[in-house]
Structure formats: C-alpha cells, structure tokens
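*Asks:* From first to last, the protein sequence lines are chains A and B.
Residues in the first sequence are numbered consecutively from 268, following this note's numbering.
Residues in the second sequence are numbered consecutively from 268, following this note's numbering.
A virtual CB, placed ideally from N, CA and C, is assigned to each residue, including glycine.
Quick one: structure below, then a few questions.
There are 2 protein chains.
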Amino acid sequence: MNKPQNHTVTCHACSLNVICVPQSLTPEEIDLVDSKVQRGRAVQRNKHVFEDGQQFTSLYAVRSGAIKAYSVDQNGEEQVIGFYLPGELFGLDAIHNDAYVCSAKALETSAVCELPYAQVTELSAKIHNLQAHMYKTLSKEINTDQQFHRLLSKKTAEERISTFLQNLSERYQRRKLSPTSFRLPMSRTDIGNYLGLAVETVSRVFTRLQQNGILKVDGKELQILDLGKLCDIAHSEGCEFRS
Amino acid sequence: MNKPQNHTVTCHACSLNVICVPQSLTPEEIDLVDSKVQRGRAVQRNKHVFEDGQQFTSLYAVRSGAIKAYSVDQNGEEQVIGFYLPGELFGLDAIHNDAYVCSAKALETSAVCELPYAQVTELSAKIHNLQAHMYKTLSKEINTDQQFHRLLSKKTAEERISTFLQNLSERYQRRKLSPTSFRLPMSRTDIGNYLGLAVETVSRVFTRLQQNGILKVDGKELQILDLGKLCDIAHSEGCEFRS
DNA sequence: CGATTTGTTGATCTTACTCAATAATCGTGG
DNA sequence: CCACGATTATTGAGTAAGATCAACAAATCG
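Rendered as structure tokens:
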C-alpha cells in the first residue's frame, strides 16, 4: 500500500470560502459573517453530524475529511444521497422542513463548520450579496441533481463510474489537491449505492478500467492514468455534476 | 375517447399562490409582490417558455396547462427533467447561471406567469418572509430531486410508473382536481425518458396495471381504479417526490 | 381523408443483478 | 506488533429485467 497522501485540507476562514462570494463582500461584511456563523466541530469516523428526523438548526460545511449523506426507506434500504468534501456545504435539503431529511456521517475523521440557519437568514436579509449567493448555491445544487438524473437514467455502469471519478477529480483539483491521484474516502458499496449499481459491478468496472490503462486502483488509493479517456467514457455534458 | 375534462385551472393571484406563503405576508406585502412580479403570458402547444442558453431573466409559474423541462446533451439525446402543472414554479435551476440551463416547452396550450428574478431578489431582501419562502422552495426542490434519485437508482419499472402516477394524482388533488381521473399531458415517450425507461416498457406497464384492475387507460385519459394498490406498488417514502 | 406521429405488442438480446466462493483489508485486543 | 475475526472487495456462473428491433395499430393533424 502506498504511503497515504494528505487528503484533508482545512480552509482558513470557513464561511468566507464556503458560503460567501468573497469578491462581492466587503472585508467588514466578511468579518460579520464569520463572527456569526463560524463554529467548528470534530467528527470521528462513522459518527453523525446530524441524523434524519433530528431538529433542523444548521447548515454545515466540510473543513476536512469526507461526509456521506444518506437516508433509509421504510424497507430499511439505504440510499446514499451524496458525498461532501472539504469546502462543500450540506444540509441544504432540510431548509424546507423543521427536521433534517437525511443523515450525515463522517467517512473518516473530519471537521465540519456549523452555520446556524437562523444566522444565515438574518445575515442574508442584511447583506444583499449573501442572499444572492445563497440563492445561487441552492440553484446550483438543483442543477447538479438534474445532471445526476441523466446519469442514472441514461448512462451505463462504465459511464457512471467514469463520470463519478472525473467529478471527484475536479473537486479535489478545486481544493488544490492532485486531480489524478487521491484516496477514495467511501467504500465500493457506497459508490454502488450512490450510482445505482451493485457492488460487484463497481468492482468489475474498476478492474476493466484498470485493464484498459485508464486507472490504477490499489484499494482506496486511486490514480487516473488517462484522464482524457476517462472523460471520453464519462462524456457527461460539461464534464461535471457537482459544483 | 372520453369527453376531455377541464384540466387547466387558473390561480387568481398567481404570485400570491405560488411564491408566497399567504399566511405569513400582510395584505400590503402581497399587493406589493403582485404589483411587481405578476406578468401573464400565453404559450401555445410545443412553443417554448425559454430555451437552454437564453439569457436568464425570470422564474415562471404555471397558471394553466402543462410545461415540460428538458435538456439535450452533446449527442443530441434529450433528457426530460420534469413536468410542471398549474401552481408550480420552474426555472429555479437557472438562478446560479446567467443563462437558462434547460428548455421549457408547453405540452398543451398553457398560460404562465413571469416573475422577473431581479424583482424576486429585491422584494425578498425587503420582505423577510418572502426570503424564507424562497429558501424553502429551493430546498424542497433539492429534496424532491433526491427522492427521485432513489426512484432511478432502486425502483423497478412498475414501481417507477406507479410512483409517477401517484405523484401526479397528489398534484392534481392539490389543485382541487380529481386525484383518480385525469388526462396525462405528456407522451409515453416523455414519461419513459423522464423515468429512465424505454417507451415500450411504459406501454407494457400501463397494460399490466390495467390488467390487474389498478388503472383504466384510454390514450391519455387515465383513471386510477385502486389508488391503494398503486401506492403499495409505488411504496415510495412519504408517497411523494414533488412538492 | 391520407400522411405522419404516437402507442402497442411480440421476439430476441444484453447489461447488470444475484448468488456463491474466495481473497484482501481493517480494526481490535492480546 | 501480530493474530484473529469481521468487514469489504474481487471474481465467476447463471439469471432476469428491461432494452432493442420489428411489425402493426391507433390517434392526430393538416
């Protein structure tokens, strides 16, 4: 097994990077936002940030580590809703409700930044650019989900996995990490569940992509050897389904 | 073919019903909102309300008729994103962008209400309850898309169709129309595309559900004979995937 | 009324699922 | 630090749900 790379990155001013459009806010506004909404919290592997049904109070941003959102239906079947990496916001789906509508657990030791929703609404009423940014963030999430609709409705197993990996690659790159060499924080089961595939299919596709010289997979360590080919297979419009 | 029922319903004060929480706004605020955002527009069958790539200016609410949202990928393949019925808001996915990210066309002669986005942001900055409502509306849409994720990722063809019909039923009921007897405004092809199924499969499932005495299908006229059984098959959590 | 689109039904094929066995990895405690 | 049990991942064989291809029927539209 390779030496594990450092895949957890912290953002200095969490709210600044995550919920604000830095350019559009004055330094004073940024300070105000930071003072009101920034609250750190460590989360051990397999521990929940929040659980389905719990009272909704806050949005969360990932500072380091990785978070999995999922819900369980009446038959007890789990559905993985998404994975969140450093710099990403989650809990947005609960705003319309008094309670969280899914559960969020840490896939590895993580740190999250809590943004009390009451503060978010209060501040965004005062700071026009913050409101605009919140609307955009929510809208982008809707758009992302719609692109995912196409993935599930039209793409083959190979296309789904390729799209997924390409998307992870982009998100790591955005966080100034290697876009071609990273560790998958989630299990094969979680990947399959998320992409609407059986675990075995995920395993087989990984093997096939490796045989074709596109990937090098060693457990959870992943290297993309031919990003171009990977994108070709994914051929997902605009090459991204998560902001 | 049966005598077509009147399936188009107008809402008196469009913005009031659609984008506001009536109870939480004062009459003066409602008047203000209505005066700023309400603009009607008729749309003939197969005509677009907006098209992918066009400059984003407004959100829209359906007053009467039915609207289909879809996008086309680089291979020219269409993906149906959603169907919108009277009282429902669409165009939310474009807020994060300067241009619309999908196209919206009328499935039948329709009337839509235009809500210039600049007015929406301006008003929601002033009226706190309007901002809260916008956040909730966007959040609910995210939640709906996530429930759809489960449909595409886990459900069989029969479950998908049943869930779809049950959902339509609920939406017609909300608009004070019969929940068990209505006209499908979209083609079988559109239904299949939306649900990730081949047209032939849609046709076959309709036939099967009819043979089991659950439905009566006559072209686009639909009667749900056994809503209980339909819901059992759908067994989708909370029995709804669109608000 | 004829042409074109849309919907239905049947036969065959394919992709990915299921079941099953084995291998590798992880986590825990001695 | 190593050994053990438990979880997670891989690979193979057989199956099934739904796709595709093809032919025909019905509805819609000009």
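Taking the straight line between their C-alpha atoms, what separation do you get for residue 366 (chain A) and residue 327 (chain A)?
*Replies:* Computed Cα separation, rounded: 14 Å.
*Asks:* Just how far apart, CA to CA, sit residue 333 (chain A) and residue 441 (chain A)?
*Replies:* Whole-angstrom Cα-Cα distance: 15 Å.
*Asks:* Give me the residue from B:404, B:385, B:463 and B:386 with the minimum Cα distance to residue 423 (chain B).
*Replies:* Closest by alpha carbon: B:463.
*Asks:* Looking at the unbroken alpha helix (DSSP H) that takes in residue 360 (chain B), where does it start and where does it end?
*Replies:* Careful: residue 360 (chain B) lies outside any alpha helix (DSSP H) and carries neither H nor E.
*Asks:* Is it true that the CB of residue 483 (chain B) sits closer than 9 Å to the CB of residue 534 (chain B)?
*Replies:* For chain B, the structure presents residues 268 to 510; residue 534 (chain B) sits outside this window and is missing.
*Asks:* Could you give the distance in angstroms between the alpha-carbon of residue 275 (chain A) and the alpha-carbon of residue 311 (chain A)?
*Replies:* Confidence in residue 275 (chain A) is poor, its pLDDT being 32 and thus under 50, which makes the residue's placement unreliable; the coordinate value appears in the next sentence. Cα to Cα, residue 275 (chain A) sits roughly 14 Å from residue 311 (chain A).
*Asks:* Give me whichever residues DSSP pairs with residue 458 (chain A) in a beta bridge.
*Replies:* DSSP output for residue 458 (chain A) lists no bridge partner at all.
*Asks:* Taking 8 Å as the cut-off, does the stretch 405-419 of chain B touch the stretch 401-409 of chain A (at least 3 CB pairs, one atom from each stretch)?
*Replies:* As far as the Cβ criterion goes, the stretch 401-409 of chain A touches the stretch 405-419 of chain B, which means the pair count is three or higher.
*Asks:* Please list, in chain order, the residues of the stretch 398-413 of chain A that have any C-beta partner in chain B closer than 8 Å.
*Replies:* Residues passing the 8 Å Cβ filter: 398, 399, 401, 402, 403, 404, 405, 406, 407, 408, 409, 410, 412 and 413.
*Asks:* Is the Cβ-Cβ distance between residue 389 (chain B) and residue 496 (chain B) less than 9 Å?
*Replies:* Cβ atoms of residue 389 (chain B) and residue 496 (chain B): not closer than 9 Å.
*Asks:* Is residue 475 (chain A) near residue 425 (chain A), with beta carbons less than 9 Å apart?
*Replies:* Yes, Cβ-Cβ distance for residue 475 (chain A) and residue 425 (chain A) is below 9 Å.
*Asks:* Who are residue 350 (chain A)'s beta bridge partners in DSSP?
*Replies:* DSSP lists A:335 as partners of residue 350 (chain A).
*Asks:* Going by the CB atoms, is the gap between residue 373 (chain A) and residue 317 (chain A) shorter than 9 Å?
*Replies:* No, the Cβ-Cβ distance between residue 317 (chain A) and residue 373 (chain A) is not below 9 Å.
*Asks:* List the endpoints of the continuous alpha helix (DSSP H) containing residue 318 (chain B).
*Replies:* First-last for residue 318 (chain B): undefined, no H or E at that position.
*Asks:* How far does the alpha helix (DSSP H) with residue 298 (chain B) in it extend, from its first residue to its last?
*Replies:* Its alpha helix (DSSP H) spans residues 294-304.
*Asks:* Tell me the rounded alpha-carbon separation between residue 377 (chain B) and residue 386 (chain B).
*Replies:* Distance between the alpha carbons of residue 377 (chain B) and residue 386 (chain B): 23 Å.
*Asks:* List the DSSP bridge partners of residue 449 (chain A).
*Replies:* Looking at the DSSP assignment, residue 449 (chain A) forms a beta bridge with A:489.
*Asks:* Less than 9 Å between the C-beta atoms of residue 339 (chain B) and residue 360 (chain B), yes or no?
*Replies:* No; because the gap between Cβ atoms is not below 9 Å, this pair is not in contact.
*Asks:* Please go through the same chain and pick out, in chain order, the residues whose beta-carbon is closer than 7 Å to the beta-carbon of residue 509 (chain B), but skip the five residues on each side of it.
*Replies:* At residue 509 (chain B), the pLDDT of 40 sits below 50, so the modelled position is not reliable and the matter cannot be decided from this model.
*Asks:* In angstroms with no decimal places, state the Cα-to-Cα distance between residue 494 (chain B) and residue 417 (chain B).
*Replies:* One C-alpha to the other measures close to 21 Å.
*Asks:* In chain order, what are the residue ranges of uninterrupted beta strand (DSSP E) at least 3 long that sit wholly in the stretch 403-453 of chain B?
*Replies:* Correct list: 448-450.
*Asks:* Given that a residue counts as buried once 16 or more other Cβ atoms are within 10 Å of its Cβ, and exposed if not, what is residue 336 (chain B)?
*Replies:* When all chains shown are included, residue 336 (chain B) counts as buried.
*Asks:* Under a three-way DSSP split, which group does residue 380 (chain B) fall into?
*Replies:* Three-state DSSP puts residue 380 (chain B) in a strand.
*Asks:* Which residue's Cα is closest to the Cα of residue 421 (chain B): A:346, A:485 and A:357?
*Replies:* Minimum Cα distance to residue 421 (chain B) is reached at A:346.
*Asks:* In the DSSP assignment, find the unbroken beta strand (DSSP E) run with residue 372 (chain A) in it and report its ends.
*Replies:* Residues 370-373.
*Asks:* The stretch 450-465 of chain A: which residues have C-beta closer than 9 Å to a C-beta of chain B, in chain order?
*Replies:* Result list: 460, 461, 462, 463 and 464.
*Asks:* For residue 293 (chain B), count neighbouring C-beta atoms within 10 Å of its own C-beta (all shown protein chains included) and say buried if the count is 16 or more, exposed if not.
*Replies:* It is exposed - the Cβ of residue 293 (chain B) has fewer than 16 other Cβ atoms within 10 Å.
*Asks:* Considering only C-alpha positions, which residue in the set B:456, B:306, B:323 and B:478 is nearest to residue 344 (chain B)?
*Replies:* The option with the nearest alpha carbon to residue 344 (chain B) is B:456.
*Asks:* At a Cβ threshold of 9 Å, is residue 360 (chain A) touching chain B?
*Replies:* Yes, its Cβ sits closer than 9 Å to a Cβ of chain B.
*Asks:* Should residue 460 (chain A) be labelled buried (16 or more other beta-carbon atoms within 10 Å of its own) or exposed?
*Replies:* Buried.
*Asks:* From the beta carbon of residue 344 (chain A), is the nearest beta carbon of chain B less than 9 Å away?
*Replies:* Cβ-Cβ to chain B under 9 Å: yes for residue 344 (chain A).
*Asks:* Three-state secondary structure (DSSP) at residue 366 (chain B)?
*Replies:* Here residue 366 (chain B) sits in strand by DSSP.
*Asks:* What does a CB cutoff of less than 7 Å around residue 490 (chain A) pick up in its chain, not counting 5 residues either side in sequence?
*Replies:* The answer, listed in chain order, is 447, 448, 482 and 483.
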